[in-house]
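Worksheet for the structure shown next.
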Amino acid sequence: MKSKLIAIVGPTATGKSDTAVALAARTNGEIISVDSAQVYRGLDIGSAKIKPSEMIAADGTAILHHLLDYLDPKEDYNIARFQIDAKAAIEDIQQRGKTPILCGGSGLYVHSLLNTSYQLEKEPGDAAYREELKELAAVKGLTYLYQRLQEEAPELAKKIHPNDEKRIIRALEKSRHGATKAPELNWESPYDLAIFGLYLPREILYQRIEKRIDQMLEAGLVAEVKSLLDQGVDPGSNALTALGYKEIIGYLAGRYDLEEAIRILKRDTRHFAKRQLTWFMRDPRIIWINITNMSDSDRPHKKFSILSSRKIKSKGEYL
RNA sequence: GGAGGGGUUCCCGAGUGGCCAAAGGGGGCAGACUGUAAAUCUGUUGUCGACGACUUCGAUGGUUCGAAUCCAUCUCCCUCCA
Numbered sequence: 002m003k004s005k006l007i008a009i010v011g012p013t014a015t016g017k018s019d020t021a022v023a024l025a026a027r028t029n030g031e032i033i034s035v036d037s038a039q040v041y042r043g044l045d046i047g048s049a050k051i052k053p054s055e056m057i058a059a060d061g062t063a064i065l066h067h068l069l070d071y072l073d074p075k076e077d078y079n080i081a082r083f084q085i086d087a088k089a090a091i092e093d094i095q096q097r098g099k100t101p102i103l104c105g106g107s108g109l110y111v112h113s114l115l116n117t118s119y120q121l122e123k124e125p126g127d128a129a130y131r132e133e134l135k136e137l138a139a140v141k142g143l144t145y146l147y148q149r150l151q152e153e154a155p156e157l158a159k160k161i162h163p164n165d166e167k168r169i170i171r172a173l174e175k176s177r178h179g180a181t182k183a184p185e186l187n188w189e190s191p192y193d194l195a196i197f198g199l200y201l202p203r204e205i206l207y208q209r210i211e212k213r214i215d216q217m218l219e220a221g222l223v224a225e226v227k228s229l230l231d232q233g234v235d236p237g238s239n240a241l242t243a244l245g246y247k248e249i250i251g252y253l254a255g256r257y258d259l260e261e262a263i264r265i266l267k268r269d270t271r272h273f274a275k276r277q278l279t280w281f282m283r284d285p286r287i288i289w290i291n292i293t294n295m296s297d298s299d300r301p302h303k304k305f306s307i308l309s310s311r312k313i314k315s316k317g318e319y320l
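If you count by this note's numbering, then the first sequence holds residues 2 to 320, one letter each, in order.
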C-alpha cells in the first residue's frame with residue numbers, strides 16, 4: 002500500500018507557498034520545498050522564500066517546512082542530492098504520522114520524486130571527467146564531443162541536440178560509467194499521489210510576476226545580492242546564477258543600469274514561468290485549479306476549500 | 001531658407017535591379033528536459049483552401065521582362081550651415 006502524498010505545483014508567483022500552508026493546516030501536514038534556489042541560506046527576497054511569519058496558518062497552526070535554508074550559498078547542489086534529501090524528509094514526516102506536502106516549481110525536482118524512473122543513484126557524477134570534457138569542448142569544439150558521444154553511446158546521443166553542451170557532457174559522463182541509454186519516462190509514482198497545479202491565464206500571470214519583482218526591489222533585493230557578494234559568494238556560483246541574482250549582479254558590475262536589470266529580470270522570469278508551465282502541462286496526473294477569481298486575501302482559504310472538497314476542475318475542463 | 005542623412009516585417013537592424021516574405025538580433029509563441037534545472041537547449045514568427053497564391057519594405061506615380069533596391073513628386077524624422 003502506497004503512502005499518501007500531496008504536491009502543489011505551478012509557475013512562479015501563483016501563491017503556491019500560501020496554499021500549501023493552508024492545506025497543511027487542514028491535513029496535519031508538513032511542507033517540503035521543491036525549489037532549487039530556496040535551499041540556500043541568504044537567498045530570501047530574490048527566491049521569494051516564505052517568511053517564518055507566513056508559516057503560521059490562519060488557525061494559528063505553525064507549519065513545519067523542510068529543505069529551506071539548509072545550504073550555504075557557496076555550496077553546489079544538484080538533483081541527485083536533492084532526491085536523497087527530499088526522500089529522507091518525506092520518510093521522516095510519514096514516520097511521524099504526518100502528511101508530506103511537496104510545494105515548488107522546479108519541474109525536474111518534482112519529477113525526481115514522483116516518477117519511479119528517476120533512479121539517479123545508478124548514474125553517478127564524475128566531476129573530474131566533467132572538467133576534462135569541458136576543456137575538450139573548448140579546445141576541440143562541441144561537434145567533436147557530440148561525435149564522440151554518438152560513437153560511445155548512440156542511444157544517449159539521439160535524445161540530445163548537438164548544441165546542448167551541458168547535456169552532451171553529462172551524457173558522456175554517464176556513458177563512461179556504463180549507461181548506454183536514457184531511462185523511459187513514466188508517470189508511475191511511488192506514492193498515493195494528489196498533485197494540484199495552480200493555474201492563471203498568461204496575461205494575469207505575467208502581471209503578477211512584474212508586481213512581485215517590484216515588491217522584491219522594494220524589499221531590498223539589491224542589498225541582499227550585495228550582501229551575498231560581500232560574504233564572498235562567487236557571482237558564478239550555483240546560488241547566484243538563480244533568477245533575480247544574476248540580473249542584479251549585472252547591474253552591480255556596471256554592465257547596465259538598474260532599470261535595465263529590472264527589465265531583464267522581468268523578462269527572464271516570464272520565460273521561466275513559461276518553461277515551468279511547459280513542464281507541468283505534460284504531467285497528466287496534475288489536477289489544475291484556476292485561481293483567477295480568488296483575491297489575495299481569500300486565496301489560501303478558497304484554494305484550500307477547493308482542494309479539500311475536491312470540487313476540482315480538471316485540466317481539460319478549464320482549458 | 002540652404003546642404004546632407006534617413007524612413008524595411010511587433011521592435012532594433014541588414015539588404016542598393018532577379019537567388020527577397022526579405023540576413024541577424026530582440027520580443028512573442030511553442031517545445032525539450034533523468035547530477036548546474038530559477039540552468040541548458042530546440043522550433044516557429046505577413047496572410048491564405050498553403051510543394052501554390054496573395055499582400056508587404058513612408059505615400060503616390062514612373063522606368064523595367066522584373067524594384068525594398070533606379071527616377072519624379074509628396075510626406076515625416078535626424079544632422080550641419082543660415
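We treat Cβ as the ideally placed atom computed from N, Cα and C, and that holds for glycine.
Look at residue 23 here: in three-state DSSP terms it is helix. A distance below 8 Å separates the beta carbons of residue 108 and residue 277.
The distance from the Cβ of residue 116 to that of residue 4 is about 16 Å, inconsistent with a contact at the 8 Å cut-off. Residue 271 and residue 72 have their alpha carbons spaced roughly 27 Å apart. At the C-beta level, residue 229 and residue 245 stay beyond 8 Å of one another.
Taken in chain order, the unbroken stretches of beta strand (DSSP E) that lie wholly in the segment 91–167 and span 3 residues or more are 100–104. Looking from the CA of residue 144, the closest CA among 94, 258, 104 and 161 belongs to 161. Per DSSP, residue 210 is one residue of the alpha helix (DSSP H) stretching across 203–219.
Scanning its chain for C-beta atoms nearer than 7 Å, with the 5 sequence neighbours on each side dropped, one finds around residue 46 the residues 217, 220, 221, 222 and 225, in chain order. A contact is defined here as three or more CB-CB pairs under 8 Å, and the segment 55–72 fails this definition with respect to the segment 165–179. Annotation for residue 94: 31 and 101 place their beta carbon closer than 6 Å to its own, counting only its chain and skipping 5 residues before and after. In the structure shown, the three-state DSSP call for residue 72 is strand.
Shown here, residue 10 sits in a strand according to DSSP, grouped into three states. Within the same chain, and ignoring the five residues on either side of residue 248 in sequence, the residues whose Cβ sits closer than 6 Å to its Cβ are 262, 265 and 266.
DSSP places residue 248 outside any beta strand (DSSP E); the residue lies instead in the alpha helix (DSSP H), whose first and last residues are 247–253.
When DSSP states are grouped into helix, strand and coil, residue 66 belongs to the strand group.
By the criterion of a C-beta distance shorter than 8 Å, residue 15 is surrounded in its chain by 199, 200, 201, 206, 209 and 292, once the five residues flanking it on both sides are discounted.
Out of 86, 76 and 11, the CA that lies nearest to the CA of residue 233 is found in 76. Out of 155, 177 and 156, the CA that lies nearest to the CA of residue 126 is found in 177. In this model, residue 236 and residue 60 are separated by some 42 Å (Cα to Cα). Our two residues, residue 159 and residue 288, have alpha carbons roughly 32 Å apart in a direct line.
Residue pairing for residue 57: DSSP places it in a beta bridge opposite 63.
The C-alpha of residue 139 lies about 29 Å from the C-alpha of residue 123. In terms of Cβ geometry, residue 186 and residue 286 do not form a close pair [threshold 8 Å].
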